Structure formats: C-alpha cells, structure tokens
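In order, the protein sequence lines correspond to chains G and C.
Heads up, the first sequence is in this note's numbering, so the first residue is 1 and it goes up one at a time.
Heads up, the second sequence is in this note's numbering, so the first residue is 117 and it goes up one at a time.
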Amino acid sequence: GAVVSQHPSWVICKSGTSVKIECRSLDFQATTMFWYRQFPKQSLMLMATSNEGSKATYEQGVEKDKFLINHASLTLSTLTVTSAHPEDSSFYICSAKPLSGIETQYFGPGTRLLVL
Amino acid sequence: RKEVEQDPGPFNVPEGATVAFNCTYSNSASQSFFWYRQDCRKEPKLLMSVYSSGNEDGRFTAQLNRASQYISLLIRDSKLSDSATYLCVVNPGGGADGLTFGKGTHLIIQP
C-alpha cells in the first residue's frame, strides 16, 4: 500500500514551453501533497505545499506564477512549469501525506526534466 | 547555517563493518525526525523514524538527542545492498509542513 505515482517519469522540452507533472496517490487519499526539487548533488528542497481545494503554499524564493500547482482531488496534484528554461532542469519529486494523520510522507518516483 | 547538516562522505566501508552517520539540525522546535535512503536517480524511501528514546529496526539503530539537536544512524553488519545515500530528514512543524532534507551521506559498501 501507500503508492504514489508521477507522470511523466522524464521529459525533455524546448526552452519556453510549459511542462505538466502529475502526482497521484494510488491507494490512499491525501489532503496534502508536497512538491520538491533536487538538483545534482544537492538535497531535496521543498518548493510548495499543495492542499486539496485551496491555494498552494510556496516556499520563499519559489515563484508561484512560474510553478503552478493544482490539487483538484484527494488523489491528484499537478505541477506545471511554465515557460521552462534550462535552469529549471531538475528532478521534481512529489510526496503525499495520508488523511489518516500519520507523519509519514510517501514519495513518488520523481520526474526528470531537461530543458534544452 | 544550514538547517540540516550531514557529513557528505563518501564513506567507504568493507562488507560486514559497522558504520555510523551523524546529523545536526538547527530548528530546536522541530517535531519529528527520520532517516531516508536514496538510491542513485531514485526517489527517497523511508528507512526509519527516529524517536527520543532511540529505536532499532534489524541492523539499523537510530538515536535522537534533542538537547544537542543531533541525530544518528548506526548500521551493523553492513551489506552490499546498503550502498546508497542516507538522508537525515526533519519535519519542522509536525503538522502539514514539508520535510527539510540534509544533503545526504553517501555510503559505499565494498566486498
């Protein structure tokens, strides 16, 4: 149990295009999902907290107009990287916190984004 | 000062050895603590939560010292499959807050 999927697993796009990444909790409901980003040899950095039915909360330094988050249901959150640039190339990972209230977050397999 | 600090390693140890990792965190109000494991180009996976009383899961033992803001992980009888990056992770708020990750300690178990 407690499986989180992400789609796509990798994407290569041209600079200026927008990329949408989906995060789904497959066998549990999650009111809260988190989006992280990891650059090579760096730690995962929290980008934003996504709450079902409300606006996402962004960490300092993360542009909310560039990284659009939609949490439309208890099992789906999407991150759209708008007008992607090469510096947005990174490993994007989501996690989901079950409704049950336990502390554990379950991570998706991540999406590798390469912007040319 | 970084929020969660770890020695990046790499730690090269022979199979069967005992290895210990340390981690310090800066936010004294942090609520919960974890060790995650991350394999190359994969997502992090929860290894174990860390409790004030210390806890053990098979060959793995975790300790927390809140006064010193220090967390440790001990791996006994290391296996080749233990080779990975070990991430010290702190939940600063205990509620819906996202996790704060250390950069990780890279462990290489040699045959």
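We put the CB at the ideal spot given by N, CA and C, even for glycine.
As the structure is a prediction and not an experimental result, all values here were calculated from the model.
Chain G within 9 Å of residue i, Cβ atoms only
i, result
"C/Glu131", "no"
"C/Val120", "yes"
Length of the line joining the Cα atoms of residue i and residue j
i, j, result
"G/Phe67", "C/Asp193", "44 Å"
"G/His85", "C/Gln226", "40 Å"
"G/Ser9", "G/Arg112", "6 Å"
"G/Glu63", "G/Val4", "25 Å"
"C/His222", "C/Ala178", "17 Å"
"C/Gln185", "G/Leu116", "42 Å"
"C/Lys161", "G/Thr17", "31 Å"
"C/Asn171", "C/Thr134", "17 Å"
"C/Ser144", "G/Ile12", "41 Å"
"G/Ile21", "C/Ile191", "36 Å"
9 Å Cβ cutoff, residue i in contact with chain C
i, result
"G/Lys64", "no"
"G/Ile93", "yes"
"G/Thr49", "yes"
"G/Gln60", "no"
"G/Thr104", "yes"
"G/Phe67", "no"
"G/Gly108", "yes"
DSSP three-state assignment for residue i, whether helix, strand or coil
i, result
"G/His74", "The question names His, but residue 74 of chain G in the sequence shown is Leu. DSSP places G/Leu74 in coil when its eight states are reduced to three."
"G/Leu99", "coil"
"C/Glu121", "strand"
"C/Asp173", "strand"
"G/Leu44", "coil"
Local Cβ density within 10 Å of residue i, reported as buried at 16 or more and exposed below that
i, result
"C/Ala200", "buried"
"G/Lys97", "buried"
"G/Asp65", "exposed"
"C/Asp155", "exposed"
Residue-level contact to chain B via CB, residue i, 9 Å cutoff
i, result
"G/Ser54", "Absent from the structure: chain B. Protein chains present are G and C."
Mind checking the segment 151 to 166 of chain C against chain G and listing, in chain order, the residues whose C-beta falls within less than 9 Å of any C-beta there?
-> Of all residues in the segment 151 to 166 of chain C, those with a C-beta nearer than 9 Å to a C-beta of chain G are Tyr152, Gln154, Arg157, Lys158, Glu159, Pro160, Lys161, Leu162 and Ser165, reading in chain order.
Any residues in the segment 21 to 45 of chain G with a beta carbon nearer than 9 Å to a beta carbon of chain C? Which ones, in chain order?
-> Per Cβ criterion, the list reads Thr31, Thr32, Phe34, Trp35, Tyr36, Gln38, Lys41, Gln42, Ser43, Leu44 and Met45.
Positions along the segment 203 to 223 of chain C whose CB lies within less than 8 Å of some CB in chain G | The residues in question are Leu203, Asn207, Gly210, Ala212, Asp213, Gly214, Leu215, Thr216, Phe217, Gly218, Lys219 and Gly220.
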